[in-house]
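So the protein lines, in turn, are chains A and B. The first sequence finishes on residue 399 if you use the numbering used here, and the numbering steps up by one all the way, no holes. The second sequence finishes on residue 336 if you use the numbering used here, and the numbering steps up by one all the way, no holes. The beta-carbon is built from N, C-alpha and C at its ideal position, and this holds for glycine as well.
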Amino acid sequence: MSREFLKGIGVLVSIVCMVFVLVHGGPSMAAEKPLVIGGSLPLTGTFSATGKWVERGYQYWAEEINAKGGLLGRPVKLLIYDDKSDAKEAVSLAEKAITVDKVDLLLGGYPGTACTAVMPVAEKYKMVYVSMGGHMKSFSQGYTYSFGSPPLMGEWWYLGFFEWMKTVPAADRPKKAAVYTMNNPIGMALMDSLYKGCKDLGIEIVIDEKYNLPLTTADTMITKAKQMKADLLFANGMFPDGVMTLRACKALGYTPKAIVQGIGSVIPEWSKELGKDGDFIFSGTSWHHKLKYPGNDRINKVAKEKFNENEAPLYFGFGYAWMQTLEQAVQGAKSLDQTKIKDWLKTNEVKTIAGNFKFDDKGLPSPFVYLTQVIDGNVELIWPKDMRTHEPVYPKPAWK
Amino acid sequence: MWNPVVILQSIVSGILMGGIFALFGVGFSLTWGVMKVINIAHAAFGILAAYVAYWGLTVFGIDPILSLAVSLPLLFCAGVLIHRFLVQPITRSRDVVVASMVLTFGLAIVLENLMLLAWSPDERLITTGYSSTSIFLGDIIIRISNLLAFVLSMVGIGAIYLFLYRTRTGKAVRATWQDPEGAALQGINLRRVSMITFGMAIASSGAGGVAMAYMYSFNPPAHNLWLIFLFLVVIVGGVGSILGSAVAGLIIGVIIGLSGAFFPMQWVNVLLFGLLMGILLIKPEGLFRK
Chain A
0 MSREFLKGIG
10 VLVSIVCMVF
20 VLVHGGPSMA
30 AEKPLVIGGS
40 LPLTGTFSAT
50 GKWVERGYQY
60 WAEEINAKGG
70 LLGRPVKLLI
80 YDDKSDAKEA
90 VSLAEKAITV
100 DKVDLLLGGY
110 PGTACTAVMP
120 VAEKYKMVYV
130 SMGGHMKSFS
140 QGYTYSFGSP
150 PLMGEWWYLG
160 FFEWMKTVPA
170 ADRPKKAAVY
180 TMNNPIGMAL
190 MDSLYKGCKD
200 LGIEIVIDEK
210 YNLPLTTADT
220 MITKAKQMKA
230 DLLFANGMFP
240 DGVMTLRACK
250 ALGYTPKAIV
260 QGIGSVIPEW
270 SKELGKDGDF
280 IFSGTSWHHK
290 LKYPGNDRIN
300 KVAKEKFNEN
310 EAPLYFGFGY
320 AWMQTLEQAV
330 QGAKSLDQTK
340 IKDWLKTNEV
350 KTIAGNFKFD
360 DKGLPSPFVY
370 LTQVIDGNVE
380 LIWPKDMRTH
390 EPVYPKPAWK
Chain B
47 MWNPVVILQS
57 IVSGILMGGI
67 FALFGVGFSL
77 TWGVMKVINI
87 AHAAFGILAA
97 YVAYWGLTVF
107 GIDPILSLAV
117 SLPLLFCAGV
127 LIHRFLVQPI
137 TRSRDVVVAS
147 MVLTFGLAIV
157 LENLMLLAWS
167 PDERLITTGY
177 SSTSIFLGDI
187 IIRISNLLAF
197 VLSMVGIGAI
207 YLFLYRTRTG
217 KAVRATWQDP
227 EGAALQGINL
237 RRVSMITFGM
247 AIASSGAGGV
257 AMAYMYSFNP
267 PAHNLWLIFL
277 FLVVIVGGVG
287 SILGSAVAGL
297 IIGVIIGLSG
307 AFFPMQWVNV
317 LLFGLLMGIL
327 LIKPEGLFRK
């Protein structure tokens, strides 16, 4: 057999193989092309502790959807950049994800400052953006592609607390409130429901002060509250200033009837780090691992198996719920056309682990916030009553 | 609020807090003064020591202050090695101050990321049996944890002071700071002196970090916030001045406390940084720099 003949056979076999791959392999490879969902999260920097949990929620959702055959028959691939807890960086990375990476869907960011900054970008490129949002102001800009599902709405934050407080006999309710609020948009957003609730229940606000972060000392604040005999304390801060305030309360022997913490008391670190001192603190939330909506049992189990957490952490649940919304919208629209996805969300109800939501023109569900209280190291649901997982402890027992 | 209890309590809390700032800032001031090295990673080493203390407390039940017996020698050695292999090469650069800031900024980022890998970004809090217990003196309350951290600070600053003013090596450090060329002509080994100073500064950051952790929660990125206190102490007290750092820390603490007592809390930083600007305008070298 001549060399030329062998060469000819080789070329022929190669051509046959190529034709076979094109005819049979082509469509299946196209079907395997991943559907890319991209954006940024704070994986380092100030908000990284929470950002990591959002990321884990996203990743678990992606694992789950891929195990079910993907979204619109395509495997899902997440492209998550680290915005270093910088809202400006989050904007640049959202632009990059949309224009350079040409992602199919945009990922929701964290925290509210980053979401607020990215929402106009989503609107500019007509990309659906499901996230916690940046409180009411961010949802009042006329954006049509942004959805809070569930949102974290400071303006609604204490609705649950005051609804529950209405059920407490008037004589037992607090009479004077001391309010300390971190001086930033998140802190300011908490004031709406607080002022309204205090006014409705006739609670006098005897101290109403803002502080700049980082808080250097809470001793002076608590001494003032104690001297003013405030029997209700609103500590409208986050974890670092929240624990300082709480420790100052104990150290300075100040026990109001109720302590309400803005943000921070519903994350696992609260009880893990504070122990018994972290008990009996009220707060709000838009999701809780014990809510009676389908899927919560499953993600609690996953949190235990994968991360050795006794229950699904808050932002793990949020991340998962935001992706559930995006998933249902894409499946409902049967398309990756962003306008179709947006229109589907505007006219249909989504079912998430945080609740079932229909969205208004702003992209928000009807106002709701669950009231929580830390009891024996667990974050329990107190309000609404039909969701209650533990009887509230009120008034707050003395420090031990 | 013109209430005597609030005012007195604010002064007491401010003094305790200020003492802690002082210890944290003293090493930062030393390296800046003696070596012209602005160590941006100083606070990151403080966080590292806080993690060692946290780890010792939660795993072995060791009191955070006792954990310093392990972390301080290790940090001293780390400081010596960092000086030998990272800081020393840049002392040849034309502008040591800028070069050191860039270098140590990088070092801080590396440390932060290593700590993130080791301990995750979760917030940590040193919680001992005495964390929220207090001594009651009438209406005035002294927190045990802050008092202990204050005592640690005073002991730490006292030890550094004694080292600098009562030992031969310490005198060499001071001579190098005041006149490097003259010190070299007297036979002082500048490299060795710088190495010891850097090691000592890093060790003091560890003690300061543990003291800070008694007051504040921490995670790896928290060093960026803690760095603010270092600059405050050094700028108010004067670069390289031990006594200046101690007094500056106390002044800062009392101002924070009192401004919160007399004015709404949002004015605290305005007043504090306003004071800082005032000091810079009147005495740009700091209160205690001769």
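Could you please give me the residues that DSSP links to residue i through a beta bridge?
i: residue 382/A; result: 370/A
i: residue 284/A; result: 369/A
i: residue 180/B; result: 189/B
i: residue 209/A; result: 180/A
i: residue 400/A; result: The shown model of chain A, from 0 to 399, leaves out residue 400/A, and the question about it has no answer.
i: residue 234/A; result: 179/A, 260/A
i: residue 104/A; result: 36/A
i: residue 70/A; result: 73/A
i: residue 170/B; result: 264/B
i: residue 203/A; result: 175/A
i: residue 377/A; result: 374/A
Find the residues of chain A that neighbour residue i, judging by a C-beta separation of less than 9 Å, and give them in chain order.
i: residue 168/B; result: 48, 51, 266, 267, 268, 271, 272
i: residue 302/B; result: 215, 216, 219
i: residue 323/B; result: Going along chain A, no residue has its Cβ under 9 Å from residue 323/B, so there is no contact; the nearest lies around 16 Å.
i: residue 296/B; result: Within 9 Å Cβ-Cβ: nothing; residue 296/B doesn't reach chain A, min ~14 Å.
On the DSSP letters alone, give me the boundaries of the beta strand (DSSP E) that residue i sits inside.
i: residue 127/B; result: Unbroken run through residue 127/B is the alpha helix (DSSP H), 110-128; no beta strand (DSSP E).
i: residue 51/A; result: Careful: residue 51/A lies outside any beta strand (DSSP E), inside the alpha helix (DSSP H) at 47-66.
i: residue 220/B; result: Segment 214-224 is the alpha helix (DSSP H) holding residue 220/B; no beta strand (DSSP E) there.
i: residue 323/B; result: Counting along the chain, residue 323/B falls outside any beta strand (DSSP E), though it belongs to the alpha helix (DSSP H) covering 314-328.
i: residue 40/A; result: 34-40
i: residue 78/A; result: 75-81
i: residue 356/A; result: 354-356
i: residue 222/A; result: Careful: residue 222/A lies outside any beta strand (DSSP E), inside the alpha helix (DSSP H) at 218-226.
i: residue 350/A; result: 349-351
Using a C-beta to C-beta distance shorter than 8 Å, which residues of chain B count as neighbours of residue i?
i: residue 208/A; result: 310, 311, 312
i: residue 220/A; result: 306, 311
i: residue 179/A; result: 311
i: residue 226/A; result: 47, 49, 51, 52
i: residue 174/A; result: Neighbours of residue 174/A on chain B: none; closest Cβ ~19 Å, over 8 Å.
i: residue 55/A; result: Neighbours of residue 55/A on chain B: none; closest Cβ ~12 Å, over 8 Å.
Please list, in chain order, all residues of the same chain as residue i whose beta carbon is under 6 Å from its beta carbon, the five residues on each side excluded.
i: residue 372/A; result: 281, 379, 381, 391
i: residue 388/A; result: 289, 379, 380
i: residue 81/B; result: 240
i: residue 44/A; result: 83, 84
i: residue 221/A; result: 247, 248, 251, 253
i: residue 137/A; result: 115, 118
Apart from the five residues on each side of it in sequence, which residues of its chain come closer than 7 Å, Cβ to Cβ, to residue i?
i: residue 64/A; result: 70, 75, 326
i: residue 176/B; result: 190, 191
i: residue 101/B; result: none
i: residue 83/B; result: 77, 133, 142, 146
Can you list the residues of chain B that residue i reaches, using a CB-CB cut of under 9 Å?
i: residue 252/A; result: 180, 182, 187
i: residue 243/A; result: 261, 262, 263
i: residue 307/A; result: Under the 9 Å cutoff, chain B gives no residues; its nearest Cβ is about 12 Å from residue 307/A.
i: residue 276/A; result: 173, 177, 178
Using a cut-off of 7 Å between C-beta atoms, extract the partners of residue i located in chain B.
i: residue 238/A; result: 169, 263
i: residue 45/A; result: 267
i: residue 183/A; result: The contacting residues do not exist; residue 183/A stays about 11 Å from chain B at best.
List the residues of chain A whose Cβ lies closer than 8 Å to the Cβ of residue i, in chain order.
i: residue 194/B; result: Ordered by position in chain A, no residue passes the 8 Å Cβ test against residue 194/B, which lies about 13 Å from the chain.
i: residue 162/B; result: 43, 47
i: residue 56/B; result: 218, 219, 222
Might you give, ordered along the chain, the residues of its own chain that have their beta carbon closer than 8 Å to the beta carbon of residue i, omitting 5 neighbours on each side?
i: residue 330/A; result: 70, 71
i: residue 200/A; result: 161, 164, 165, 172
Residue range of the alpha helix (DSSP H) that residue i falls in?
i: residue 298/B; result: 288-308
i: residue 51/B; result: 50-81
i: residue 120/A; result: 111-123
i: residue 327/A; result: 313-332
i: residue 159/A; result: 158-164
i: residue 91/B; result: 88-101
i: residue 200/A; result: 190-200
| Segment contact flag, the segment 212-219 of chain A with the segment 130-148 of chain B, C-beta cutoff 8 Å, min 3 pairs | no
| Is it a yes or a no for the segment 183-197 of chain B touching the segment 297-305 of chain B, going by three-plus beta-carbon pairs under 8 Å? | no
| query | Any contact of the segment 246-261 of chain A with the segment 221-233 of chain A, i.e. 3+ C-beta pairs under 8 Å? | reply | Three or more Cβ pairs closer than 8 Å define a contact, and the segment 246-261 of chain A meets that threshold against the segment 221-233 of chain A.
| task | Inspect the CB distances between the segment 284-291 of chain B and the segment 76-92 of chain B and report whether three or more fall short of 8 Å. | result | yes
| Are three or more beta carbon pairs between the segment 218-238 of chain B and the segment 48-55 of chain B nearer than 8 Å? | no
| Three-pair Cβ contact test at 8 Å for the segment 236-256 of chain B versus the segment 112-129 of chain B | Short answer: they touch.
| task | Would you check if the segment 108-118 of chain B and the segment 267-277 of chain B touch, i.e. whether three or more CB-CB distances between them fall below 8 Å? | result | no
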